[in-house]
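Undergrad: Before we start, here is the structure in question, set down as structure tokens.
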Amino acid sequence: MRAHLRPLALACVLAALPGLAAATDLLQAWQAAQQHDRTLAVARAAHAAAQPQRDQAAALWRPGVALTAAAGVANGETQMHGAQFSAPGMGPTNGANVATSITGGTATRWQLQASQPLYNPQRRAQQEQLRLQADMADLQWQAQQQQAMLRTAQRYLDVAVAQEALRVIDQQHAAVQKAAEEAQERYRVGSAPITDTHEASARLAALRASQVAAQVDLDVKRRLLADATGLPTATLQARLPAAPASELLSTALALEAWQQQAEDGNPGIRLQTLAAEAARAEARKHSLGAAPSVDLVAQAGQERLHGSGAYGTAQNKNLSAMVGVQLTVPLYTGGWRSAKEEESLRLQDKAEAETLSTREQVAQQVQAAWLGLRMGAQRVHALEQAQVASRARLDATQTGHEVGDRTLLDLLNAQNDDAATALALAQARSALLIDHLRLALLAGQLDEARLRAVNQALAPAQ
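When the letters of the sequence shown are read in order and numbered with mature numbering (1 follows the signal peptide of the UniProt record, and there is no 0), they come out as residues -23 to -1, 1 to 439.
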């Protein structure tokens, strides 16, 4: 219950402080997502479920103790020849015959047995397999955490870009609305043609449609982020990246260095490598199924039968105790062991092939992310220059329109180009940060410190 209240408490604090509801940052979203992201919750439960496998591995070489007991109705008959017989007041008699008979008597039996493995190659392979499976669960959890970080950052920046798209369209709509009113007034006094009014009205109608689409897109993006974080949509006012996030790009390594880091630290590669080792352990376990095993054993027990029979009332009681070494040699399993060994060898080949395939895929993904980061930085720089130029063009066109040197269509086109450039710049900056995080994830280096650096690259809250 406490874990689910934390995102709600965070949302209440944000909503209660003036202006802070518009300043939800990436770290706040991630902290909430750790408690509410369903995919991460599944991964956390799977990781916890795998932890006892290490205890299972250790228990394979610990003593085992078992107690068995039984009671019921039984028949029994014993005959003994050549026994020595003695009784009170009588001397010993040799060569005596002794017989007992019990029909429908009461039988009880118990046995206490303890064993300690001393030599068991198959059990050793099984122990290694369990430890590898626990290590794989640790890697899967680390990978899921990093993927959740990237997923949260992607959804957060999607909201930021969608907000910017709606803001730009609203701003453009207001400018065109003003231009349409001016065109209508100029047409009324006869200083402008009716075409200016029609052009402004057509552009205004198109912008209204764009507003609806942008609002729907923003609502969808906010819903996705709200589902992942548990925060109410009213508090999800994300911040755009600021220009130019150079402190992140300045640490970018050469492609070969990133490839090597991914080869050593990528969770997928490490996980698949462990999966191949686990497959080899499985194959060894079945190949050693025919090997002998040695156990230290100790046991004590009692069997008792009491009742009446052909010779009257009788009672048989047998006590036993033993400490020693037990040798077990599997002789024949009907072909099951060899069939399982063959299956495990084929699965080993499959796991090794998947390891090579994973390495190849990760190398391709690293190259794509690295190129996206490098080319994205150049694109951001170009769009920043384009934004300066489009603003200058818009100012000049506005002035020209006021003095009659530019038409209303020229002004509307300049406004549209300026808005498109501003939105493209916001999208490019967001994509740049995502490529940076994706590259870190591929190298197995995505953590909260890197997420904090990205959070610092966001624009200050307005």
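No residue lacks a Cβ here, since even glycine has one placed at the ideal position from N, Cα and C.
Given this structure, state the Cα-to-Cα distance separating A76 from Y288, to the nearest angstrom.
TA: Whole-angstrom Cα-Cα distance: 8 angstroms.
Undergrad: Exposed or buried, which one is H358 when buried takes at least 16 other CB atoms within 10 Å?
TA: Counting of Cβ neighbours within 10 angstroms places H358 among the exposed residues, the total staying below 16.
Undergrad: Using the Cα positions of R108 and L201, report the straight-line distance between them to the nearest angstrom.
TA: 37 angstroms
Undergrad: Could you pull out every residue in the same chain whose Cβ sits closer than 8 angstroms to the Cβ of Q149, ignoring the five residues on either side in sequence?
TA: Result list for Q149: L184, Q392, N393, A396, in chain order.
Undergrad: By DSSP, does T310 sit in helix, in strand, or in coil?
TA: In this structure, T310 counts as coil in the three-state DSSP scheme.
Undergrad: Skipping 5 residues on each side, what residues in its chain have a beta carbon closer than 6 angstroms to that of Q422?
TA: There are no such residues.
Undergrad: Would you call the region 83 to 100 in contact with the region 356 to 373, where contact means no fewer than 3 C-beta pairs closer than 8 angstroms?
TA: no
Undergrad: Figure out for me which residue from Q99, A130, D194, R21 has the closest Cα to the Cα of A408.
TA: A130
Undergrad: State whether the region 242 to 260 contacts the region 320 to 338, with contact taken as three or more CB pairs (one from each stretch) at a distance under 8 angstroms.
TA: yes
Undergrad: Per the contact definition of three or more C-beta pairs closer than 8 angstroms, is the region 18 to 30 in contact with the region 107 to 127?
TA: yes
Undergrad: Using beta-carbon positions only, say whether A152 and P244 come within less than 8 angstroms of one another.
TA: no
Undergrad: What is the C-beta distance between L17 and Y133, in whole angstroms, given that I count them as a contact (C-beta under 8 angstroms)?
TA: Not really, about 15 angstroms apart at Cβ, beyond 8 angstroms.
Undergrad: By Cβ distance, which residues of its chain are closer than 6 angstroms to L418, with the 5 residues on each side in sequence left out?
TA: Excluding sequence neighbours, L418 sits near Q123, L127.
Undergrad: When DSSP labels each residue in this structure, what does A(-3) get in the three-state scheme?
TA: Note that A(-3) has pLDDT 49, beneath the 50 cutoff, so the model's placement of it is unreliable and no number is given.
Undergrad: Roughly how many whole angstroms lie between the Cα atoms of Q364 and L217?
TA: If you draw a straight line from the Cα of Q364 to the Cα of L217, it is about 16 angstroms long.
Undergrad: In terms of residue numbering, what span does the beta strand (DSSP E) encompassing L388 cover?
TA: Counting along the chain, L388 falls outside any beta strand (DSSP E), though it belongs to the alpha helix (DSSP H) covering 385 to 419.
Undergrad: Just checking, does the region 277 to 297 make contact with the region 232 to 241 on the three C-beta pairs under 8 angstroms criterion?
TA: no
Undergrad: Spell out a yes or no on whether the region 378 to 390 and the region 339 to 359 are touching, meaning 3 or more CB-CB pairs, one atom from each, closer than 8 angstroms.
TA: no
Undergrad: Less than 8 angstroms separating the beta-carbons of A156 and A177?
TA: yes
Undergrad: Does DSSP classify D272 as helix, strand or coil?
TA: strand
Undergrad: What does DSSP give as the partner residues of K198 in its beta bridges?
TA: Looking at the DSSP assignment, K198 forms no beta bridge with any residue, so it has no partner.
Undergrad: Is the beta carbon of G242 closer than 8 angstroms to that of A420?
TA: In this structure, G242 lies closer than 8 angstroms to A420 by Cβ.
Undergrad: Do G266 and G82 count as a contact pair if the criterion is CB distance below 8 angstroms?
TA: no
Undergrad: Taking only the alpha-carbon atoms, compute the straight-line gap between A9 and A366 and give it to the nearest angstrom.
TA: 41 angstroms
Undergrad: Tell me which residues share the same chain as H263 and place their Cβ nearer than 7 angstroms to its Cβ, disregarding the 5 neighbours each side in the sequence.
TA: R314, K317, E318, S321
Undergrad: Only counting runs of 3 or more residues, tell me where the beta strand (DSSP E) segments fall wholly within the region 47 to 102, in order along the chain.
TA: 67 to 96
Undergrad: For the beta strand (DSSP E) that T305 lies in, which residues bound it at each end?
TA: 289 to 305
Undergrad: Which residue comes first and which comes last in the alpha helix (DSSP H) that contains N432?
TA: N432 -> alpha helix (DSSP H) spans 425 to 433.
Undergrad: From which residue to which residue does the alpha helix (DSSP H) around G242 run?
TA: 232 to 242
Undergrad: Quick check: what's the CA-CA separation for Q19 versus W87?
TA: One detail in the question is off: residue 19 reads as Val in this sequence, not Gln. Distance from the CA atom of V19 to the CA atom of W87, rounded to whole angstroms, is 46 angstroms.
Undergrad: Between the beta-carbon of K198 and the beta-carbon of D135, is there less than 8 angstroms?
TA: yes
Undergrad: Just the C-alpha distance for R336 and I246, rounded to the nearest angstrom, thanks.
TA: 6 angstroms
Undergrad: Skipping 5 residues on each side, what residues in its chain have a beta carbon closer than 6 angstroms to that of Q303?
TA: D272, V274
Undergrad: Could you pull out every residue in the same chain whose Cβ sits closer than 6 angstroms to the Cβ of A403, ignoring the five residues on either side in sequence?
TA: V138, E141, L217
Undergrad: On a CA-only basis, which of R15, L410, R415, H413 is nearest A203? Give me that one, please.
TA: R15
Undergrad: Tell me, please, which residues DSSP counts as bridged to R281.
TA: T85, K294
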